[in-house]
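A.B. asks:
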Amino acid sequence: MNAPDKHAIRPRPPFANKRALIYGAARGIGRAVALEFAHRGAELALADIDVAGAKGTAAEIIKMGGRAIGLSCDVLSDEAVRAAAAEAERRLGELDIVMNNVGVILSGNPEDIPMSEWQRVLSLNLLSVVRSLEVFLPKMIARGAGHIVNTGSFAGLYPYATNRMPYVAAKAAVVALSESLAVYLQPKGIRVSCLCPGPVATQVMEGMKTWSVNAPMPGPGTQYRVKTAEEAASILADGMRDGRIVIPTDEKVWEVVRHHADSPDRFIQEKVDEFARGEWGRPGR
1137 MNAPDKHAIR PRPPFANKRA LIYGAARGIG RAVALEFAHR GAELALADID VAGAKGTAAE
1197 IIKMGGRAIG LSCDVLSDEA VRAAAAEAER RLGELDIVMN NVGVILSGNP EDIPMSEWQR
1257 VLSLNLLSVV RSLEVFLPKM IARGAGHIVN TGSFAGLYPY ATNRMPYVAA KAAVVALSES
1317 LAVYLQPKGI RVSCLCPGPV ATQVMEGMKT WSVNAPMPGP GTQYRVKTAE EAASILADGM
1377 RDGRIVIPTD EKVWEVVRHH ADSPDRFIQE KVDEFARGEW GRPGR
């Protein structure tokens, strides 16, 4: 799981002279990934509901000598996702890489979170990926080439994020979806990568809705260091270059995943005991 099979067919470098569309590129990891891809030779279409932010990122890329465009897109809308894709293809040409990076978080005990919030978070974090796949999978399959990149989370790999259950459900689904897509698409010539961020300094907490005043914010573990969005972007690009499928921002996560797999019941009870002691697993700086 940590390294690609040495006998696997190695893809060509996925960035030089490639055209990429990133949904959710105005700030945070999406912005950093756009800049990283551009540094490695890709041309970018950057789609975001914050169109000013997307165009600002595009302007940075153009200033450093690259090619990029900023587009408006609300990924809650099937039509908007299709329209952004069509405009990106019209202006850049056939797309080689599509990254589904839009995400939103909330905080609250599960009994306090209304159904409307479950629907909103699942639609933004999971169904936005499906809307993109509906557009691009037929095209990539038809030509036998392409690279799908989805953004998961450590929260989708093992249990800890008890105050953000809709996010957990969505990100676990994105990880599982990405892995099964890789099984299906790799024989067709299409690569799949799933970036799984652990603690990364972004603006995802800004504007976060809170539904319970007493809900603590557990983290994935004190053994992790908070990384920058730029570090996460470099890790993703290196992983894509190397043909990796699940790409965490910290390799220490696999130790926890193995411990969880050894005995899920024991792992869960350990979490219960840790939280009872007030140990919330927040990472060090």
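Numbering (the numbering used here), first residue to last: 1137 to 1421. The beta carbon of each residue, even a glycine, is placed where N, CA and C say it ideally should be.
Have a look at the DSSP bridge pairing and note the partners of Ser1329.
C.D. replies: Per DSSP, Val1285.
A.B. asks: Pairs of beta-carbons, one from the region 1329–1339 and one from the region 1264–1278, closer than 8 Å: are there three or more?
C.D. replies: Touching, no, given that fewer than three Cβ pairs across the two stretches are closer than 8 Å.
A.B. asks: How about Cys1330 and Val1311: do their beta carbons lie closer than 8 Å?
C.D. replies: Yes. Within cutoff.
A.B. asks: Taking C-beta to C-beta, are Trp1416 and Gly1325 nearer than 8 Å?
C.D. replies: No, Cβ-Cβ distance for Trp1416 and Gly1325 is not below 8 Å.
A.B. asks: Counting C-beta neighbours from all protein chains within 10 Å, is the total for Asn1153 16 or more, i.e. buried, or is it exposed?
C.D. replies: The residue is exposed, with fewer than 16 neighbouring Cβ atoms inside 10 Å.
A.B. asks: Please say whether Ser1348 and Gly1244 have beta carbons closer to each other than 8 Å?
C.D. replies: Yes; because the gap between Cβ atoms is below 8 Å, this pair is in contact.
A.B. asks: Buried or exposed for Arg1279, going by 16 or more other Cβ atoms inside 10 Å?
C.D. replies: Label assigned to Arg1279: exposed.
A.B. asks: May I ask which residues mark the beginning and end of the alpha helix (DSSP H) holding Val1265?
C.D. replies: Unbroken alpha helix (DSSP H) run through Val1265: Ser1264 to Arg1279.
A.B. asks: Locate the beta strand (DSSP E) running through Ser1348, then write down its first and last residues.
C.D. replies: Counting along the chain, Ser1348 falls outside any beta strand (DSSP E), and DSSP gives it neither H nor E.
A.B. asks: Could you tell me the alpha carbon to alpha carbon distance between Ser1316 and Ala1412, rounded to whole angstroms?
C.D. replies: Using only the alpha carbons, I get a separation of about 36 Å.
A.B. asks: Which residues bound the alpha helix (DSSP H) around Gly1166?
C.D. replies: Start and end: Gly1164 to His1175.
A.B. asks: At what residues does the beta strand (DSSP E) containing Ser1316 begin and finish?
C.D. replies: Not the beta strand (DSSP E): Ser1316 falls in the alpha helix (DSSP H), residues Met1301 to Leu1321.
A.B. asks: What is the residue span of the alpha helix (DSSP H) that Ile1371 lies within?
C.D. replies: Taken as a continuous stretch (DSSP letters only), the alpha helix (DSSP H) holding Ile1371 covers Ala1365 to Arg1377.
A.B. asks: How many angstroms separate the CA atom of Leu1157 from the CA atom of Ala1204?
C.D. replies: Looking at the two C-alpha atoms, the distance is approximately 10 Å.
A.B. asks: So, for Val1408: in the same chain, excluding its five sequence neighbours on each side, which residues have a beta-carbon less than 7 Å away from its beta-carbon?
C.D. replies: Answer for Val1408: no residue qualifies.
A.B. asks: With Leu1258 and Lys1345 assumed to form a contact (beta carbons below 8 Å), what rounded beta-carbon distance in angstroms separates them?
C.D. replies: Between Lys1345 and Leu1258 the Cβ distance is about 14 Å, and since that is not below 8 Å, they are no contact.
A.B. asks: Less than 8 Å between the C-beta atoms of Thr1358 and Gly1292, yes or no?
C.D. replies: No; because the gap between Cβ atoms is not below 8 Å, this pair is not in contact.
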